[in-house]
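Shown next, in structure tokens, is the structure this report addresses.
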Amino acid sequence: MTGQSGLNAVAVVGAGTMGQGIAQLCAQAGWPTLLYDVAEGAATRAREAIGESLARRVARGKLGEAEAESILENIEIAVELADLAPAKVVIEAIVERLEIKRALFDALEMHCSPQALLCTNTSSLGVGEIAKGARRPERIAGLHFFNPAPVMRLVEVVRAELTSAETCERLTSFVEGLGKHPVVALDSPGFIVNRCARPYYGEALRMLEERVATEAEIDACLTDGAGFPLGPFALMDLVGLDIGLGATRTIWEALGRPARFLPSPLLVEKVEAGKLGRKSGEGFYRYP
Ligand code: CAA
């Protein structure tokens, strides 16, 4: 995806779990990747964590040392949003708060090239809502990756009402260039994967609340009996219970609060207790 615009980089805004994974993926695909986070030092720490993840793959003989080095060299820390000017594709992966995302997109429109595609990795907010008030909403779309982003094959390309067909086509070929499987989804609550997944997690939580079985037993049934790589509780721990609860609440509201999407009291309790999954050391399981 080069061309006449002279833009030759990808920018990732937000260096949390998803931003880090997306930056690693883009760098692995050969893109000069600009990584920005508003919190001082966060992007640098994410780059270091990517270095550690690549080093583990080198140690296991899955990746050459020179290759790991060149992947890491592709990642450059952006100090301010103005540094994102060379980006052809900008991927936002910041906190799931509408007003904060809108303010960021407003700033991105000012600092990025008019040819750049501006994307959000939101899991549950409306892409059209985020783009509301944008000067050029036709180049704003969703690009929804899955955790861990370097591993999971799917990327949902989310087309909002004002997203142009050209933007969708360019993003589809960008995603293919990353070695991923793009699926264009309508801008609707939860898009495809998260909408299907909510009642799945919800039912597992209800079964736990009703003491039908333990977390470990339910997980084992879904892995050993249904072929899922992780059971629902292990997966909630991987994704983050706060992220899962936030997505459930937003989708439940957006669909008119149907009972089948009702957020689980047990999940609320865990999040309020700070048990957020792997990242906090405890969720449904403990992580030493
Ligand atoms: N970053 C980079 N690479 C990673 C990684 C990470 N965080 N985690 C694992 N990997 C890589 C490993 O390096 C390994 O690569 P190689 O085969 O080249 O060595 C490969 O993935 C497999 O890892 P492991 O052997 O350690 O472990 P595994 O076989 O159990 O796989 C898993 C781990 C890929 C996470 C697998 O358990 C899985 O696919 N789980 C399901 C994950 C899932 O469903 N994600 C979607 C969550 S929903 C979401 O994200 C949407 C949302 O909006 C909330």
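With this note's numbering applied, the sequence shown corresponds to residues 3 to 290, in that order.
C-beta atoms are modelled at their ideal positions from N, C-alpha and C, and glycine is treated no differently.
Nothing here was measured: the structure is a model prediction, and the numbers come from that model.
Please look up how many angstroms separate the CB atoms of Asn-123 and Thr-19, rounded, as I've assumed it's under 8 Å. Not really, about 11 Å apart at Cβ, beyond 8 Å.
Quick check: the Cα distance between Thr-4 and Tyr-203, rounded to an integer number of angstroms? In this predicted model, Thr-4 has a pLDDT of only 46, less than 50, meaning its place in the structure is not dependable; the value taken from the coordinates is given anyway. Using only the alpha carbons, I get a separation of about 41 Å.
Across the segment 97-115 and the segment 223-231, are there enough close Cβ pairs to call them in contact, namely three or more that are closer than 8 Å? As far as the Cβ criterion goes, the segment 97-115 does not touch the segment 223-231, which means the pair count is below three.
Output the residue ranges of the beta strand (DSSP E) runs that lie fully inside the segment 23-90 and measure 3 residues or longer, sorted by chain position. Segments of the beta strand (DSSP E) lying fully in the segment 23-90: 35-38 and 77-79.
Closest to Val-157 by CA distance: which of Phe-147, Asp-189, Ala-13 and Ala-151 is it? It is Phe-147 whose Cα lies nearest to the Cα of Val-157.
Check this for me: beta carbons of Asp-189 and Val-159, under 7 Å apart or not? In this structure, Val-159 does not lie closer than 7 Å to Asp-189 by Cβ.
Looking only at its own chain, which residues have a Cβ that is under 6 Å from the Cβ of Val-60, when we skip the five neighbours before and after it? Shown here for Val-60: same chain residues with a beta carbon closer than 6 Å to its own, the five before and five after excluded, namely Glu-67 and Ala-70 in chain order.
Over the uninterrupted beta strand (DSSP E) stretch that includes Cys-121, give me the two end residues. For Cys-121, the uninterrupted beta strand (DSSP E) run begins and ends at 119-122, by DSSP.
Report yes if the C-beta of Ser-55 is less than 6 Å from at least one heavy atom of ligand 1; otherwise report no. Result yes, Cβ under 6 Å from ligand 1.
Does the pairing of the segment 247-261 with the segment 117-137 give three or more beta-carbon distances under 8 Å? Yes: at least three Cβ pairs fall under 8 Å.
Could I get the ranges of all uninterrupted alpha helix (DSSP H) runs contained in the segment 204-282, with 4 residues as the minimum, in chain order? Here the runs fully enclosed are 217-226, 234-241, 243-256 and 267-274.
Secondary structure of Ile-132, DSSP reduced to three states: Note: Ile-132 maps to helix in three-state DSSP.
Can you pull the DSSP bridge partners for Val-92? Beta-bridge partners of Val-92 (DSSP): Ala-13 and Leu-120.
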